[in-house]
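Throughout, this note's numbering is defined as the position within the sequence shown, counted from one, plus 1203.
Let me begin by presenting the structure, written as structure tokens, before commenting on it.
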Amino acid sequence: MSSKSRFKGCLLGSALGDAVGELSFECRDEGELKAKLREKDRLRYTDDTAMAIGLAESLIEKKGEIDQEHIGETFKENYKEEPWRGYGQGPPKIFKMVEKGKRNYVECAETLFGGEGSKGNGSAMRIAPVGVFFSISENVYEKAIKTAEVTHAHPLGKDGAGVLALCIGRASLSDKISPEDFALDMAERSETEVFGKKLKKVAELLKSEVEREEAAQELGSSVLIEKSVPYAIFSFLKDPKSYEKALMNAVLVSGDSDTIGAMTGAVSGAYLGDKALPEAWVDKLENVSYLKKLSERLFELRKE
Ligand code: R7I
Ligand code: MG
Ligand code: MG
């Protein structure tokens, strides 16, 4: 499959995962969700995709460089245009602090949550463009950390973004993966004990073939990063050959469904390419032509 298709699959897959996840809050089961998906004319994404768009825009404007201040400013401008996308409390606080004072984004991010920095899942929910763009570079993990630092200074906030970017990068370069090995490899590559343990647990759960509800209970499915990234990875690895099944794993358990949908959708879309996304859903996705344009620009930029 072409890299171009994987770039598109990743960005659209993440946005669609976000939108489907958001819709799933209103539904009790798969039947209801699919009926809603048929009924709706438009599928709306949330802050997860708005921030992924910001990252893609900044990467494109800066010709593939990670410029933390520029990323922060792009996030801020996009937030001002659409503050209603459902942002977490952290990023808008940082935008205000930067506007009021003389400190930069990274310094402001370090002051959140009693000086520990945020370990919300926001640094990972938006990582799709970084994961595919840097997939062939050796330092996709480090690049992701730099983007995380703009809003998420906590060690887990950074590790979660790094691990998910690695998953996206790896998936976008693979034709066949072995789910348990994939999870164990990610456990090795993570830099915190928390993620190391969680990712080993993902491998165990895959081996014992548990249902998604049990896996979500064990791994967590909340707004905290260490309780969402591992379950998103599990959701992909349980059904690596089907975007739709992976996404259903992600969004049909209770928890932070838009975000776990965005994360799972990014990895699955990067692995399977854009043709694997249900066409009827993609057609209803808001801003889909802009998302396609961004993925094409990123793809062209990487070839330069
Ligand atoms: O991470 P962030 O951008 O939020 C993303 C979430 C996704 O679900 C989006 O879809 C959107 O709904 O919000 O925003 P933050 O405010 O940095 O983190 C999210 C939440 O995680 C915070 O509001 C806190 O409730 C929690 N949190 C923490 N709780 C305790 N200690 C984040 N960091 C901490 C912490 O250090
Ligand atoms: Mg959201
Ligand atoms: Mg969310």
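Just so it is clear, CB atoms sit at the ideal spot from N, CA and C, and this is done for glycine as well.
Item                                                                                                                                                   : Value
Any heavy atom of ligand 1 closer than 8 Å to the beta-carbon of Ser1424?                                                                              : no
CB-CB under 6 Å to Asp1362, same chain, minus the five flanking residues each way: which ones, in chain order?                                         : Ser1393, Glu1394, Thr1395, Phe1398
With distances taken from each beta carbon to the nearest heavy atom of ligand 3, which residues come in below 5 Å, in chain order?                    : Asp1459, Asp1461, Thr1462
Cα separation between Pro1286 and Lys1410?                                                                                                             : 42 Å
Considering only residues of the same chain and omitting the five flanking positions on each side of Ser1438, which have a CB-CB separation below 6 Å? : Ala1449, Asn1452, Ala1453, Thr1467
Would you call the region 1328 to 1337 and the region 1467 to 1478 touching, i.e. three or more CB-CB distances under 8 Å?                             : yes
Would Lys1495 and Arg1245 be called neighbours here (beta carbons separated by less than 9 Å)?                                                         : no
Roughly how many whole angstroms lie between the Cα atoms of Gln1420 and Glu1242?                                                                      : 31 Å
Taking Cβ to Cβ, would you say Ile1463 is nearer than 9 Å to Tyr1493?                                                                                  : no
Between Glu1391, Glu1383, Asp1384, Ile1380, which lies nearest to Gly1365 when the distance is taken from Cα to Cα?                                    : Glu1391
If you reduce the DSSP assignment to three classes, tell me which class Leu1528 lands in.                                                              : The structure shown does not extend to residue 1528, since the chain spans only 1204 to 1507, so no value can be given for it.
Given Lys1207, which residues of its chain have a CB within under 6 Å of its CB, disregarding the five upstream and five downstream residues?          : Phe1502
Between Ala1312 and Glu1352, is the Cβ-Cβ spacing less than 9 Å?                                                                                       : yes
Whose C-beta lies closer than 7 Å to the C-beta of Lys1211 among residues of the same chain, with five residues either side of it excluded?            : Asp1477, Lys1495, Ser1498
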